[in-house]
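S.K.: Please see the structure below; I have some questions.
There are 2 protein chains.
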Amino acid sequence: MALGIGDDAALLNVTPGQQLVMASDTLVAGVHFPETASGRQVATRSLCVNLSDMAAMGANPRWFTLALTLPNDKANAEWLADFSAGLGDIAKQHDVALVGGDTTSGPLTLTLTLVGEVPVGEALTRGGACSGDGVFITGYLGDGAAALEAITNNNSLHRASDRLLQRFYCPEPQIQTGLKLRTIANACIDISDGLMADLGHICKASGVNAVIQTEQLPIAAEVRELSPLDALEWALCGGDDYQLCFTVAADQLAKVEALIELGELDACRIGTINPSDESINAVSVIDKNNRLLTVEKLGYNHFGH
Amino acid sequence: MALGIGDDAALLNVTPGQQLVMASDTLVAGVHFPETASGRQVATRSLCVNLSDMAAMGANPRWFTLALTLPNDKANAEWLADFSAGLGDIAKQHDVALVGGDTTSGPLTLTLTLVGEVPVGEALTRGGACSGDGVFITGYLGDGAAALEAITNNNSLHRASDRLLQRFYCPEPQIQTGLKLRTIANACIDISDGLMADLGHICKASGVNAVIQTEQLPIAAEVRELSPLDALEWALCGGDDYQLCFTVAADQLAKVEALIELGELDACRIGTINPSDESINAVSVIDKNNRLLTVEKLGYNHFGH
Chain U
1 MALGIGDDAA
11 LLNVTPGQQL
21 VMASDTLVAG
31 VHFPETASGR
41 QVATRSLCVN
51 LSDMAAMGAN
61 PRWFTLALTL
71 PNDKANAEWL
81 ADFSAGLGDI
91 AKQHDVALVG
101 GDTTSGPLTL
111 TLTLVGEVPV
121 GEALTRGGAC
131 SGDGVFITGY
141 LGDGAAALEA
151 ITNNNSLHRA
161 SDRLLQRFYC
171 PEPQIQTGLK
181 LRTIANACID
191 ISDGLMADLG
201 HICKASGVNA
211 VIQTEQLPIA
221 AEVRELSPLD
231 ALEWALCGGD
241 DYQLCFTVAA
251 DQLAKVEALI
261 ELGELDACRI
271 GTINPSDESI
281 NAVSVIDKNN
291 RLLTVEKLGY
301 NHFGH
Chain Y
1 MALGIGDDAA
11 LLNVTPGQQL
21 VMASDTLVAG
31 VHFPETASGR
41 QVATRSLCVN
51 LSDMAAMGAN
61 PRWFTLALTL
71 PNDKANAEWL
81 ADFSAGLGDI
91 AKQHDVALVG
101 GDTTSGPLTL
111 TLTLVGEVPV
121 GEALTRGGAC
131 SGDGVFITGY
141 LGDGAAALEA
151 ITNNNSLHRA
161 SDRLLQRFYC
171 PEPQIQTGLK
181 LRTIANACID
191 ISDGLMADLG
201 HICKASGVNA
211 VIQTEQLPIA
221 AEVRELSPLD
231 ALEWALCGGD
241 DYQLCFTVAA
251 DQLAKVEALI
261 ELGELDACRI
271 GTINPSDESI
281 NAVSVIDKNN
291 RLLTVEKLGY
301 NHFGH
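Protein chains in written order, with the numbering used here: chain U, 1 to 305; chain Y, 1 to 305.
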C-alpha cells in the first residue's frame, strides 16, 4: 500500500482494470465463537470467515480494517500477542494487509471490513444460475455444524477432533478456487448459513429452482461416524462450512468434471438447477430412490428465511 | 456502484487515476455519545465523524459499510427508522453510498468503514509540514468540548444550545475544504483528540515543532460566554471538533490569506511550524504577550500521547 496505519486513513493503490469488492462481517463472542476461544482462534476464525466472502465473489483479497472491542480480561499483552500472531498468519497466507482499525473497550466483538479486487465484469454473483446448470460444492459439508456440536457438547461421545477444531477456528477460505471459477461458474455463494439457505439465495437471485441429491453430498467419514442420524441434516442445514456452492452451465460440465478428475478443482456435483416453480420449495432434496424429502422431516425449517 | 447490498459483497467501480483512502472507526454508546442519544443523533454523529477522516486526507468519500450492534430496547422499527433517516440524510448530503454491513445483538456499538478516492499522489497526510509553514484551522475550536460539557452536565448554567447540540451530533465534515486543500496544504489532520494532540501528530510525522498563539484561536462567542475559564482549554485540548488543522508553505501564505479574505476558505491562521527541537514540547503555546504557557497550567497533559 502507499501509506498504512498511522495517518487519518490508509492510502491504497488499485490495480488498473479492476473493480473493488467490499464486505463487512461482525463476530461476537458467545454467538459466533465460544467465550472460551483463544486469541489465536478468535483471530483466525474472524479473518477466514471474512475472506470467504471474497472467495465467493471470485475476488483477490487485498486490504482489511479491524475494529476490535476488548473486555478487560483480554486487554493484556499475552492475549493480544496470541491474537496478533493468528491474524498475521492468515493475512500472510492470503497476502492481505491490515490497513487500519480501531480498538474500544467492551464485550469481545470484531468487525472486519475487507476490500478485494476482481477484473471488471468477472465477479461471481448469486444471480447467474440458469436452468440446466449443474450444482457443485467444494470440500466437505457438515464439518462446521459437527464441529460446533462437538465444541458445544464436548463429551466422550462428541469429542472435537483436531480436524474439526481446525475446520471451525480456521475454515480454509476458498480464494484460489474462487479465482478459477471466474470463467467457469454461472453463480457462486459461500456456505455460511447452510446449503439449503445459501443455495436458496442463489435460486432467489437467479429466478430458478434447484434439486439436491442426498447420496451425492460430500460428508466426511468422521462426521458420518460422529452422528449418523445428524450427518445429513448438518450437511444440508448446518452453517459455518465456508465452502463454495456454484453452478455450471450444461456446455461447461464436461470441462469441470475433467478439472475435478485431474485434481485441479476440489469439488463435486450435488444437484441440478431447474426452471422456477413457485408451487414447490426453491430447493428440493431427493434421496437415492428419487424420493422427495420433506422440510419437516429434515427439520431445517428453523433455518428458513 | 456496480452491485450493492444482497450478494456476498458489494462490487464497486473505481474512477481511473485514483488511489483509495480507507478508514474504520468504532463508536460505543456511553463512551462516544450519551446513552440517551436518539437514533438519528447516533447515526449522524457516527457518519460525520468517519467522513471527517476522508476530509483530512483530501479524499472524495464514495462508499461505506456499517456494522451495527443493537440492544433489545433499540431493535424496533421506530428506532431503526429514526436511525436510517439520519444516516440517509448525511449519506445523501455527501454522496456516499452504504454498500454493506452486518447487524448483531448487544450493547449499542457502530463500526463504519469508509472508502474514498483521491487522485494519485494528491492525498493530504500528516507528514509534509516544513519549518516556516503557517498553521491554520477551519471553523471554530472548543465547540465539541463545550457541547460535551453541556450535554453531560445539563443544567441552567450549562445548557446545550441548539448550535452546540448540532456541533456534537452532526459535526460538519470538512470534505469540500479537504478537496481544496489538496493543492494548498503541506500537511493536514482532523481535530478529533484536541488541537494539541492532533497538531502534535503532524509534528511527530513531519519531524518539526509548532507554536500556537492563544489570541488567534477561533473560539465561538457562545463558548467564551459558557465558561470563560474553560474556553481556552477546550479550544486547545478538547476533542470532537472535527475541524481541519493544516499547514501552508511560506510562499503559499499570501494565496491562502487571499482565499480566506474572499470567503472561499473558512479558516484562520493560529501559528507557525518551527524546526525540530527535542528540548521543548513539540507544540508550544504562547499568549498575546509572547509568554509561554506551560503544560501543567493548561492541564492538557492527560490528553498526552
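Note that the Cβ used here is the ideal one computed from N, Cα and C, for glycine as well. Here the structure is a predicted model, which is why all the values come from computation and not from measurement.
(1) For SER279(U), is the classification buried or exposed, using 16 other Cβ atoms within 10 angstroms of its Cβ as the cut-off for buried?
(2) Less than 8 Å between C-beta atoms, sequence neighbours within five positions excluded: which residues of the same chain meet that for PRO275(U)?
(3) Are HIS94(U) and LEU27(U) touching if we call contact CB-CB under 8 Å?
(4) Over what stretch of residues does the alpha helix (DSSP H) that includes GLY178(U) continue unbroken?
(5) Would ASP53(U) be called buried (16 or more neighbouring beta carbons within 10 Å of its own) or exposed?
(6) I'd like to know whether the C-beta atoms of VAL115(U) and TRP63(U) end up nearer to each other than 8 Å.
(7) Check whether the Cβ atoms of LEU244(Y) and THR138(Y) sit closer than 8 Å, and answer yes or no.
(8) Mind pulling the alpha helix (DSSP H) runs of 4 or more residues that sit fully within the stretch 11-62 of chain Y?
(9) Under the rule that 16 or more other beta-carbon atoms within 10 Å means buried, what is VAL31(Y), buried or exposed?
(10) Of all Cβ atoms in chain Y, is any one closer than 8 Å to the Cβ of HIS305(U)?
(11) Would you list, in chain order, the members of the stretch 172-191 of chain U that have their beta-carbon closer than 9 Å to a beta-carbon of chain Y?
(12) Is ILE151(Y) helix, strand or coil by DSSP?
(13) I'd like the list of long-range same chain contacts for LEU253(Y), defined as Cβ closer than 6 Å, with 5 residues on each side in sequence excluded.
(14) Give a yes or no on whether the minimum CB-CB distance between VAL96(Y) and chain U is below 8 Å.
(15) Would you grab the beta carbon distance between THR69(U) and THR109(Y) for me? Rounded to a whole angstrom, and I think it's under 8 Å.
(16) Confirm, please, whether the CB-CB distance from GLY239(Y) to ASP193(Y) is below 8 Å.
(17) If ILE286(Y) sits next to GLN213(Y), beta carbons under 8 Å apart, how far is it from one beta carbon to the other, in whole angstroms?
(18) Can you say whether GLY17(Y) is buried or exposed, counting buried as having 16 or more other CB atoms within 10 angstroms of its CB?
(19) State buried or exposed for ARG291(Y), treating a residue as buried only when at least 16 other CB atoms are found within 10 Å of its CB.
(20) Please report the distance separating the alpha-carbon of PRO61(U) from that of LEU11(U).
(21) My understanding is that ALA187(Y) touches THR125(Y), with C-beta atoms under 8 Å, so please give their C-beta distance in whole angstroms.
(22) So is ASN13(U) in contact with chain Y if we call contact Cβ pairs under 8 Å?
(23) If MET22(Y) and GLY101(U) are in contact, beta carbons under 8 Å, what's the gap, nearest whole angstrom?
(24) Below 8 Å, can you find three or more Cβ-Cβ pairs linking the stretch 34-42 of chain U to the stretch 73-88 of chain Y?
(25) Please confirm if the stretch 143-151 of chain U is in contact with the stretch 251-271 of chain U, defined as three or more CB-CB distances below 8 Å between the two stretches.
(26) Output, in chain order, the set of chain U residues within a Cβ distance shorter than 9 Å of TRP63(Y).
(27) Below 8 Å on the Cβ atoms is my guess for GLY142(U) versus ASP82(U); work out the distance and round it to an integer in Å.
(28) Alpha carbon to alpha carbon, how far is ARG45(Y) from TYR169(Y)? Give it in angstroms, no decimals.
(29) Please state the DSSP three-state secondary structure of TYR300(Y).
(30) Expressed to the nearest angstrom, what Euclidean distance is found between the alpha-carbon atoms of TYR242(Y) and THR113(U)?
(31) Please report whether the beta-carbon of ASP7(U) lies at a distance below 8 Å from any beta-carbon of chain Y.
M.R.: Reading from the atomic positions:
(1) Classification of SER279(U): exposed, given that the 10 Å Cβ count is below 16.
(2) Cβ within range, chain order: SER131, VAL208 and ASN209.
(3) In this structure, LEU27(U) does not lie closer than 8 Å to HIS94(U) by Cβ.
(4) Counted as a single uninterrupted DSSP element, the alpha helix (DSSP H) harbouring GLY178(U) occupies residues 175-181.
(5) Buried, by the Cβ-count rule.
(6) Result yes, Cβ atoms of VAL115(U) and TRP63(U) sit closer than 8 Å.
(7) A contact, by the Cβ cut-off of 8 Å.
(8) DSSP runs (the alpha helix (DSSP H)) wholly in the stretch 11-62 of chain Y: 39-56.
(9) Exposed, by the Cβ-count rule.
(10) Caution is warranted here: a pLDDT of 28 is assigned to HIS305(U), below 50, making its placement in the model unreliable, and the coordinate value is therefore given only provisionally. Not a single CB atom of chain Y sits nearer than 8 Å to the CB of HIS305(U).
(11) Answer set for the stretch 172-191 of chain U: CYS188, ILE189 and ASP190.
(12) In the displayed model, ILE151(Y) falls within a helix according to three-state DSSP.
(13) Excluding sequence neighbours, LEU253(Y) sits near GLY134.
(14) No, because no Cβ of chain U sits closer than 8 Å to the Cβ of VAL96(Y).
(15) Right, their Cβ atoms sit about 7 Å apart.
(16) For ASP193(Y) and GLY239(Y), yes; Cβs fall inside 8 Å.
(17) So it is a contact: roughly 6 Å between Cβ atoms.
(18) An exposed status is given to GLY17(Y), since fewer than 16 other beta-carbon atoms sit within 10 Å of its beta-carbon.
(19) Flag for ARG291(Y) reads exposed.
(20) Near 16 Å, if we compare the C-alpha coordinates of LEU11(U) and PRO61(U).
(21) So it is a contact: roughly 7 Å between Cβ atoms.
(22) Yes - at least one Cβ of chain Y is within 8 Å of the one on ASN13(U).
(23) The pair is not a contact, with the Cβ atoms about 10 Å apart (cut-off 8 Å).
(24) Put simply, the stretch 34-42 of chain U does not touch the stretch 73-88 of chain Y. Fewer than three CB pairs are less than 8 Å apart.
(25) The answer is no - the stretch 251-271 of chain U does not touch the stretch 143-151 of chain U, with fewer than three Cβ pairs under 8 Å.
(26) Neighbours of TRP63(Y) in chain U, taken as residues at a C-beta separation under 9 Å, are given in chain order as LEU20 and MET22.
(27) No, GLY142(U) and ASP82(U) are not in contact; Cβ-Cβ is about 29 Å, not under 8 Å.
(28) A straight-line Cα-Cα distance of about 5 Å links TYR169(Y) and ARG45(Y).
(29) Note that TYR300(Y) scores 41 on pLDDT, short of 50, meaning its location in the model is unreliable; the coordinates nonetheless yield the value given after this. TYR300(Y): coil per DSSP, three-state reduction.
(30) Distance between the alpha carbons of TYR242(Y) and THR113(U): 24 Å.
(31) Yes - at least one Cβ of chain Y is within 8 Å of the one on ASP7(U).
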